[in-house]
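Below is one structure, written out as structure tokens, with a few remarks after it.
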Amino acid sequence: MKLKENGQGTQMQYDTLDAALKEKATMLKRGPVAIVFVEDDVEVDTTLRHLELLSFTSILAFVPERIKLAKDLQEAVHQITWQQPSLSDAIAAINKIIAAAPGLWMYYCFNAEYLFFPFCETRKIGELLAFHTEERRDAMLTYVADLYSDDLNEHPNAVSLDRAHLDRSGYYALARADDQGHPKERQLNFYGGLRWRYEEHVPEGKRKIDRVALFKSKPGLKLREDFTFSDEEYNTYACPWHNNLTATIASFRTA
2 MKLKENGQGT
12 QMQYDTLDAA
22 LKEKATMLKR
32 GPVAIVFVED
42 DVEVDTTLRH
52 LELLSFTSIL
62 AFVPERIKLA
72 KDLQEAVHQI
82 TWQQPSLSDA
92 IAAINKIIAA
102 APGLWMYYCF
112 NAEYLFFPFC
122 ETRKIGELLA
132 FHTEERRDAM
142 LTYVADLYSD
152 DLNEHPNAVS
162 LDRAHLDRSG
172 YYALARADDQ
182 GHPKERQLNF
192 YGGLRWRYEE
202 HVPEGKRKID
212 RVALFKSKPG
222 LKLREDFTFS
232 DEEYNTYACP
242 WHNNLTATIA
252 SFRTA
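Start counting the sequence shown at 2; every next residue gets the next number (our numbering).
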């Protein structure tokens, strides 16, 4: 493992994803694995600490060189340097990790995003996914709920953990069509939040709030840029027999 001593402890830092994957026997030994893409300096440390609280086995953070993590996080998080991230870069990185470590539960998000699921106050992420696996599911739909501060004068960037708000209503779903225009089985496109209220400012392809953010990697699986997978069963909200668990990502990214 590539380690750097900082006088206070050991930092797990890698210059590239390829360098990090050479240590996959340690970094990707078992799941669930969290993958975080840091786009700016907004709530980076709290995002990573939230994942620690949920008891992810391993946390991989893609961090621009200009952003420094807190010392305790430098010792707990596998930090991979990247410069100016784009969505395409993030998707490519996830697909490379999937190929390198099949059979693991994984989760991906961006900074200033926080995962919540039923009973997360007392249950660990591993318990959630163990139950989901028993339900014969290999992926879990998450809804990205847009958060924002209620006072833009006090918080000009609209980010405040203490005064976070979300829209109470205005959420809806539409059938997801296949190439022939027919509805796909057990698949819907979900909308709402800030991206619905201000849709004239949001590109059409960015308006959905559904994301299959929890999934089990396997050979040949690919994540696409609309946050759906190449295996259509991964994109379903439930199995054919009954309803299944879903989760929420509370996100300041739109704000």
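For every residue, glycine included, the Cβ atom is placed at its ideal position computed from N, Cα and C.
Between the stretch 186-199 and the stretch 233-243, the count of C-beta pairs closer than 8 Å reaches three or more; the two stretches touch. According to the DSSP secondary-structure assignment, LYS217 is paired through a beta bridge with TRP106. LEU130 carries a helical assignment under DSSP once its states are collapsed to helix, strand and coil. In the three-state scheme derived from DSSP, where H, G and I count as helix and E and B as strand, ASP19 is classed as helix. The shortest CA-to-CA distance from ARG198 to any of TYR149, ALA176 and PRO157 is the one to TYR149. Counting only residues of its own chain and dropping the five nearest sequence neighbours on each side, PHE118 has a CB closer than 6 Å to the CB of LEU129 and ALA248. Under the Cβ criterion (8 Å, minimum of three pairs), the stretch 153-162 does not count as touching the stretch 137-144. Secondary structure of THR48 (DSSP, three-state): helix. Within a 10 Å sphere around the beta-carbon of LEU175 sit fewer than 16 other beta-carbons, which makes this residue exposed. For TYR192, the beta-bridge partners assigned by DSSP are TYR173.
Taken in chain order, the whole alpha helix (DSSP H) runs of length 4 or more contained in the stretch 28-83 are 45-54 and 72-77. Beta-bridge pairing by DSSP links ALA178 to PRO184. Of THR47, THR17 and LEU52, the smallest CA-CA separation from PRO33 is found for LEU52. Judged by DSSP in its simplified three-state form, TYR199 adopts coil rather than helix or strand. Your pair VAL37 and ILE60 checks out as a contact, with CB atoms roughly 7 Å apart and the cut at 8 Å.
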